[in-house]
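As structure tokens, the structure follows; a few thoughts come after it.
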Amino acid sequence: MPLLERFLRYVAIDSQADPDARGTPSSPGQRRLADLLRTELTALGFDAAVDDHAYVTARLPARHAPAAAPTIGLIAHLDTSPDASGAGVRPRVVRDYDGGAVDLGGTLRLDPALFPVLSGKKGKTLVVTDGATLLGADNKAGIAIIMTILERLQARPDLACPGVAVAFTPDEEIGHGAELLDIPAFGADFAYTVDGGAVGEIEYENFNAARADLVIHGLSIHPGDAKGKMVNAVLLGQAFLDELPPAERPENTEGREGFYHVDAFTGDVSAARLSLLVRDHDADLFQAKKDFLAATVARLNAR
11 MPLLERFLRY VAIDSQADPD ARGTPSSPGQ RRLADLLRTE LTALGFDAAV
61 DDHAYVTARL PARHAPAAAP TIGLIAHLDT SPDASGAGVR PRVVRDYDGG
111 AVDLGGTLRL DPALFPVLSG KKGKTLVVTD GATLLGADNK AGIAIIMTIL
161 ERLQARPDLA CPGVAVAFTP DEEIGHGAEL LDIPAFGADF AYTVDGGAVG
211 EIEYENFNAA RADLVIHGLS IHPGDAKGKM VNAVLLGQAF LDELPPAERP
261 ENTEGREGFY HVDAFTGDVS AARLSLLVRD HDADLFQAKK DFLAATVARL
311 NAR
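Below you can see the structure in the form of structure tokens.
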């Protein structure tokens, strides 16, 4: 099956992760995609399995390789981001890209001025959506690539290669990607996650990550009788945000610098909710960020 055809087949399955769900996988679409991949792997001649949590695993034994050759792992995740819908994806293939802005529909455009990565794609084939959903390339592109690699290796038994272990994992987007993977059973000496990045580039380090959800309880009183009584939950949320260091926001950081990212802020006078993402490569600085949030909440409650 051609790589592009595989990819378009996978993005048709809504496998969006649900951060509020309990259990793994967090959404039924991930199970559907896992079952499809097992079927395809079996058809290619692999002994593939799907466990109760939708982890798909398969193995290609080493051939024409030294006995000491390591087993290489290839990993990709089944789920797509909860930030935008993955249902009803309508992909559009843009062939021989001209290097300009790509209209997605309505007022939405992919513009090289905002996305410089496009400037190096002139003459390439792009796949985009109509702007109403995610495409799901993160990480169904990785899945399609790994499946195509396996298909080609199966078609060329004369080629020497080390053992290859494959794992397709659920709920990476909400922090559970490798949490329930049986690492010894997976059996890889070295493993690579195929997930974005430039061709030829290998990322060898990952950040520490947490999500903080703050529930703010206010007291709603008629404004004409509010003096000394009203507690405005929205303003309390703003007071919390004012405590966060401006230099430690995503728009002001780069490289290994950690940050607090305000992901959502909703509510009214009586109740509000804040959701923040916390990131840092350094474990001690990561813990310090979490401690700072807890201390800030304590200070505001005391006030």
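According to the working numbering, the sequence shown is numbered sequentially starting from 11. Just so it is clear, CB atoms sit at the ideal spot from N, CA and C, and this is done for glycine as well.
Query: How about S97 and T139: are their beta carbons less than 8 Å apart?; Result: The question names Ser, but residue 97 is Ala in the sequence shown. The answer is no: Cβ separation not under 8 Å.
Query: At least one CB of chain C closer than 8 Å to the CB of A274: is that the case?; Result: Protein chain content of the structure displayed is limited to a single chain, and chain C is not contained in it.
Query: Give me the DSSP bridge partner(s) of D223.; Result: S285
Query: Taking 8 Å as the cut-off, decide whether the C-beta atoms of P260 and H271 are in contact.; Result: yes
Query: Within the same chain, show all residues whose beta-carbon is closer than 6 Å to that of R289, passing over the 5 residues directly before and after it, in chain order.; Result: F217, A219, G268 and F269
Query: Check whether the Cβ atoms of N149 and A201 lie closer than 8 Å to each other.; Result: no
Query: Alpha helix (DSSP H) containing R41: first to last residue?; Result: P38 to A53
Query: Determine the direct distance from the alpha carbon of T203 to that of V174, and round the result to whole angstroms.; Result: 13 Å
Query: Pick helix, strand or coil for Y20, following the three-state DSSP scheme.; Result: helix
Query: For the stretch 11-29 against the stretch 151-167, are there 3 or more C-beta pairs whose distance is under 8 Å?; Result: yes
Query: Should the stretch 58-72 be regarded as contacting the stretch 178-186, the criterion being three or more beta carbon pairs within less than 8 Å?; Result: yes
Query: Is D1 helix, strand or coil when you go by DSSP?; Result: Residue 1 is absent from the model: the chain starts at 11 and stops at 313.
Query: Could you pull the start and end residues of the beta strand (DSSP E) that L84 belongs to?; Result: I82 to H87
Query: Taking the alpha-carbon of G39 as reference, which of D24, G33 and T52 has the nearest alpha-carbon?; Result: D24
Query: According to DSSP, what are the bridge partners of R105?; Result: In the DSSP output, where bridge partners are listed per residue, R105 has none listed.
Query: Is there contact between the stretch 190-197 and the stretch 101-113, where contact requires at least three CB pairs shorter than 8 Å?; Result: no
Query: Quick one, which of L51, T49, A177 and D278 has its alpha-carbon nearest S230's?; Result: D278
Query: If you check the beta carbons only, do P126 and G109 fall under 8 Å apart?; Result: no
Query: Does the distance from the C-beta atom of P80 to that of P172 stay below 8 Å?; Result: yes
Query: With DSSP run on the structure shown, which of helix, strand or coil describes N218?; Result: strand
Query: Tell me which residues share the same chain as R119 and place their Cβ nearer than 8 Å to its Cβ, disregarding the 5 neighbours each side in the sequence.; Result: A111, V112 and D113
Query: Got a sec? Which residues, its chain only, sit under 8 Å from P233 by beta carbon, not counting five neighbours each side?; Result: M240
Query: Given a threshold of 16 other Cβ atoms within 10 Å of its Cβ, counted over all protein chains shown, does I212 qualify as buried or as exposed?; Result: exposed
Query: By the three-class DSSP mapping on this structure, what secondary structure does L136 have?; Result: strand
Query: Using the Cα positions of V99 and A22, report the straight-line distance between them to the nearest angstrom.; Result: 6 Å
Query: Looking at the secondary structure, which residues open and close the alpha helix (DSSP H) in which R309 lies?; Result: A293 to A312
Query: First and last residue of the beta strand (DSSP E) that includes A177?; Result: V174 to T179
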